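For reference, the structure is listed below as structure tokens.
Numbering (our numbering), first residue to last: 3 to 173.
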């Protein structure tokens with residue numbers, strides 16, 4: 003709790019006491035005692051509630067992984083399993099989030115090549131990457147990928163979001 007909070011609470015308490023005392027038939031000579039009581043109570047409350055903010059534990063900070071750390075871990079797994087389409091897709095998602103669209107496109111291309119049954123998410127991810135690579139332009143290839151994604155899954159959120167985003171930008 004900050005010192006300013008203590009000051010505000012004390013002043014509010016004094017204000018309430020003064021209002022109450024002025025409305026009652028307490029002698030003005032007794033006001034001083036009531037005001038001292040408010041000051042003592044707020045000071046005691048401040049000292050009881052005053053705490054130092056919790057310090058993050060160093061081990062916990064070290065455990066927190068950044069998106070780059072996660073991508074490095076996925077890359078290490080890909081060295082062991084280079085034909086794992088799910089890992090390529092996850093890596094592509096990471097690159098897409100980092101704004102590295104060329105790398106994301108390569109990952110999504112590998113994903114589509116390695117997948118037996120292409121999913122709407124994979125197609126929508128590649129469409130999103132191409133959309134941003136082409137400066138947020140809805141090219142024929144992007145439209146085709148989105149159309150294929152929506153044929154596989156009519157309510158695919160990624161595909162519908164990209165279409166909605168494009169319509170919003172074009173206004």
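Glycine is no exception: its CB is placed at the ideal position from the N, C-alpha and C atoms.
Model, not experiment: these values are computed from the prediction.
Subject >> Straight-line gap, residue 87 to residue 105 (C-alpha atoms, nearest Å) >> reply: 15 Å
**OP:** Closer than 8 Å by C-beta to residue 47: which residues in its own chain qualify, once you throw out the five before and the five after it? Chain order, please.
**Re:** 11
Subject >> Helix, strand or coil at residue 66 according to DSSP, with G and I counted as helix >> reply: Residue 66 falls in the coil class under three-state DSSP.
Original post:
Would residue 127 pass as a contact of residue 91 if the rule is Cβ separation under 9 Å?
Top reply: Less than 9 Å separates the beta-carbon of residue 127 from that of residue 91.
Subject >> Proximal residues to residue 141 (C-beta, below 7 Å), its chain only, five neighbours per side dropped >> reply: 132
Original post:
Which residues in the same chain have their Cβ closer than 6 Å to the Cβ of residue 9, if we skip the five residues on either side of it in sequence?
Top reply: none
Original post:
What is the DSSP secondary structure of residue 157, counted as helix, strand or coil?
Top reply: coil
Original post:
Mapping DSSP to helix, strand and coil, what is residue 138?
Top reply: coil
**OP:** Could you pull out every residue in the same chain whose Cβ sits closer than 7 Å to the Cβ of residue 16, ignoring the five residues on either side in sequence?
**Re:** Within the same chain, and ignoring the five residues on either side of residue 16 in sequence, the residues whose Cβ sits closer than 7 Å to its Cβ are 37 and 40.
**OP:** Could you pull out every residue in the same chain whose Cβ sits closer than 6 Å to the Cβ of residue 161, ignoring the five residues on either side in sequence?
**Re:** 126, 148, 151 and 152
Original post:
What's the call for residue 35, buried or exposed, on a 16-neighbour Cβ count within 10 Å?
Top reply: So residue 35 counts as exposed.
Subject >> Proximity below 9 Å, CB of residue 73 to CB of residue 112 >> reply: No, they are not a contact pair.
Subject >> Buried versus exposed call for residue 124 [16 or more other C-beta atoms within 10 Å across all chains shown] >> reply: buried
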